[in-house]
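This report concerns only the one structure given below.
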Amino acid sequence: MVSKVRYAKRAGTLKPDEIREMIKITSNPKVINFAGGLPAPELFPVAEMARATGIALTESGAVGLQYHATDGYLPLREKISERLARLSGVNADPADIMITNGSQQGIDLSGRLFVDEGDIVLTESPTYSGVFNALKVYLPEFVGVPTDDDGVVPEAFEEILKRYGERIKLMYVIPDYQNPSGRVWSVPRRAAFLELAARYELPVVEDSPYRELCFEGEPRPTLFSMDKSGMVVHLGSFSKILAPGYRVSYVLAERSILDKYIYASQGAFLQASTENQVAIDKYLELCDFDAHIEKIRTVYKRRCELMISLMEKEFPESVTFTRPKGGMFALVTLPEGKNARDLLKTALAEDVAFVVGDAFYAAEGVVNTFRVCYANMPEERIEEGMRRLGKAIRAFAAK
1 MVSKVRYAKR
11 AGTLKPDEIR
21 EMIKITSNPK
31 VINFAGGLPA
41 PELFPVAEMA
51 RATGIALTES
61 GAVGLQYHAT
71 DGYLPLREKI
81 SERLARLSGV
91 NADPADIMIT
101 NGSQQGIDLS
111 GRLFVDEGDI
121 VLTESPTYSG
131 VFNALKVYLP
141 EFVGVPTDDD
151 GVVPEAFEEI
161 LKRYGERIKL
171 MYVIPDYQNP
181 SGRVWSVPRR
191 AAFLELAARY
201 ELPVVEDSPY
211 RELCFEGEPR
221 PTLFSMDKSG
231 MVVHLGSFSK
241 ILAPGYRVSY
251 VLAERSILDK
261 YIYASQGAFL
271 QASTENQVAI
281 DKYLELCDFD
291 AHIEKIRTVY
301 KRRCELMISL
311 MEKEFPESVT
321 FTRPKGGMFA
331 LVTLPEGKNA
341 RDLLKTALAE
351 DVAFVVGDAF
361 YAAEGVVNTF
371 RVCYANMPEE
381 RIEEGMRRLG
391 KAIRAFAAK
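In terms of the numbering used here, the sequence shown opens at residue 1 and continues consecutively.
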């Protein structure tokens, strides 16, 4: 018999992650799964990584298999710094960069550093559901800021800043090809947002795992590159553009802020895997990373365009959806009064799955949206899955 365990108050906030739980539900190969936010596994550079890892272990095995400094493997941080300068116009010293175990860890560390019980954390509305799971253990209140196709709405943002004042301690945003909507902020909206954040001295966490997955043109400037206040913390990742299994991501911040992240990391996890950092560093040295990303962009663009065209064909006119220009996701909106969680039951009966949208909103009550991922689904599965989903929506609407 297990005696009664007295947990910390924060343990009561721990709940299953809806998306991770959905992956278990949809493990049946008959189910066409648009729920998980998984990159396409057939695009992983397996042979190149095998070669890079072998050389890394041969040349630097004593380093890769040993403990390392918390801020991370310097040659990798130097390559990240060079890449940021070339692609983002960010003149970041390697000392401004710390390697983490995925961007999720960067979010968690942000909570440790900025959020006390009862503080307010702002997010876009909708936003990545994992931010709630990462930060709710610090017992904040979440407030969503209205967002449209161009980004955070400045007037609504300022009204919220005035209303809550110093209770607001942090804002989390995904300006580029957002999860779950696929939206990308316009440059004027970025500038207006930064002006308000600076005026109210608000720390901003810019999560940027999808930025390089643009389908046309060049990525827009990061908030970090446009920021003059030194209050933006930029989270970058290799998960969506190389392979998520390595769990190699990074925090980029002004030096005094980054020091706090390093100190918090030393108490939480000591360091990210040295071996994985050395392997990715060697891959970047030996292989054409830009060509690999271009290959991903081409495939994802084709899959996205196919999915959108099939939504136009299969979905009733009363159902709307975003039209991404990059990233991995689209957000579907049902008519008012319809609950996507009820639709999911009908969809699963047709062996097709998605993630219900209420997990992506800070406030309860938004129940008529759901997210679909096109990135990891072959074209023939997208065609069949959209046919099934359209059938499910029409049957659901008729009830």
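Heads up, the beta-carbon is just placed ideally off N, CA and C, and yes, glycines get one too.
Values in this document were obtained by computation on a predicted structure and should not be read as measured data.
With DSSP as the reference, please indicate the residues paired to residue i in a beta bridge.
| i | result |
| --- | --- |
| Arg371 | Leu331, Val355 |
| His234 | Glu206, Leu252 |
| Val121 | Phe142, Leu170 |
| Asn33 | Ala353 |
| Met98 | Val251 |
| Phe114 | In DSSP, Phe114 forms no bridge with anything. |
| Phe321 | Val332 |
Using beta-carbon positions only, say whether residue i and residue j come within less than 9 Å of one another.
| i | j | result |
| --- | --- | --- |
| Asp227 | Ala268 | no |
| Asn368 | Lys345 | no |
| Pro324 | Ser181 | yes |
| Val248 | Phe238 | yes |
| Tyr172 | Thr127 | yes |
| Gln277 | His68 | yes |
| Tyr374 | Phe142 | no |
| Ala330 | Arg371 | yes |
| Pro75 | Gly111 | no |
| Pro219 | Ser103 | no |
| Arg394 | Pro335 | no |
| Ala95 | Arg255 | yes |
| Leu196 | Pro154 | yes |
| Ala397 | Glu350 | no |
| Arg302 | Glu384 | no |
| Asp116 | Ile97 | no |
| Ala347 | Arg388 | yes |
| Ile107 | Arg167 | no |
| Lys295 | Pro39 | no |
| Ala353 | Val31 | yes |
| Ala359 | Ser129 | yes |
| Phe215 | Cys304 | yes |
| Glu314 | Gly230 | no |
| Gly165 | Pro209 | no |
Can you tell me whether DSSP reads residue i as helix, strand or coil?
| i | result |
| --- | --- |
| Asp148 | strand |
| Ser186 | coil |
| Asn179 | coil |
| Thr127 | coil |
| Gly326 | strand |
| Cys214 | strand |
| Phe193 | helix |
| Thr400 | No answer is possible for residue 400: the residues shown for the chain start at 1 and end at 399. |
| Lys201 | Checking the displayed sequence, the identity of residue 201 turns out to be Glu instead of Lys. In the structure shown, Glu201 sits in coil (DSSP, three-state: anything other than H, G, I, E or B). |
| Thr274 | helix |
| Thr222 | coil |
| Phe44 | coil |
| Gly106 | helix |
| Cys304 | helix |
| Asn339 | coil |
| Leu84 | helix |
| Glu364 | coil |
| Val5 | coil |
| Asp290 | helix |
| Asn133 | helix |
| Cys39 | Strictly speaking, residue 39 in this sequence is Pro, with Cys absent from that position. Coil at Pro39, not helix or strand. |
| Asp281 | helix |
| Phe269 | coil |
| Ile241 | coil |
| Gly165 | helix |
| Ala395 | helix |
| Ala56 | helix |
Skipping 5 residues on each side, what residues in its chain have a beta carbon closer than 6 Å to that of residue i?
| i | result |
| --- | --- |
| Ala243 | Phe44 |
| Thr147 | Glu124, Ser125 |
| Tyr200 | Leu161 |
| Lys282 | Ala52, Ile55, Ala56 |
| Leu343 | Phe396 |
| Glu205 | According to the sequence shown, residue 205 is Val rather than Glu. Ser110, Tyr172, Val233, listed in sequence order. |
| Leu84 | Val90, Ala92 |
Under 8 Å by Cβ, that's how I've got residue i and residue j pegged, so tell me the actual separation to the nearest angstrom.
| i | j | result |
| --- | --- | --- |
| Phe321 | Met311 | 5 Å |
| Tyr73 | Thr333 | Not quite, the Cβ-Cβ distance comes to about 44 Å (not below 8 Å), so this is no contact. |
| Gly151 | Arg211 | About 14 Å separates the two Cβ atoms, so there is no contact after all. |
| Pro203 | Leu170 | 5 Å |
| Leu284 | Lys79 | 5 Å |
| Leu376 | Pro29 | Looking at the sequence provided, one finds Asn at residue 376 rather than Leu. About 14 Å; that fails the 8 Å criterion. |
Short of 7 Å in beta carbon distance, which residues of its chain neighbour residue i, apart from the five on each side in sequence? Order them along the chain.
| i | result |
| --- | --- |
| Ala363 | Gly144 |
| Val194 | Rather than Val, the amino acid found at residue 194 in this sequence is Leu. Leu223, Met226, Asp227, listed in sequence order. |
| Glu59 | none |
CB-CB under 8 Å to residue i, same chain, minus the five flanking residues each way: which ones, in chain order?
| i | result |
| --- | --- |
| Leu109 | Thr100, Val251, Tyr261, Ala264, Ser265, Ala268 |
| Tyr246 | Phe238, Ser239, Ser273, Asn276, Ala279, Ile280 |
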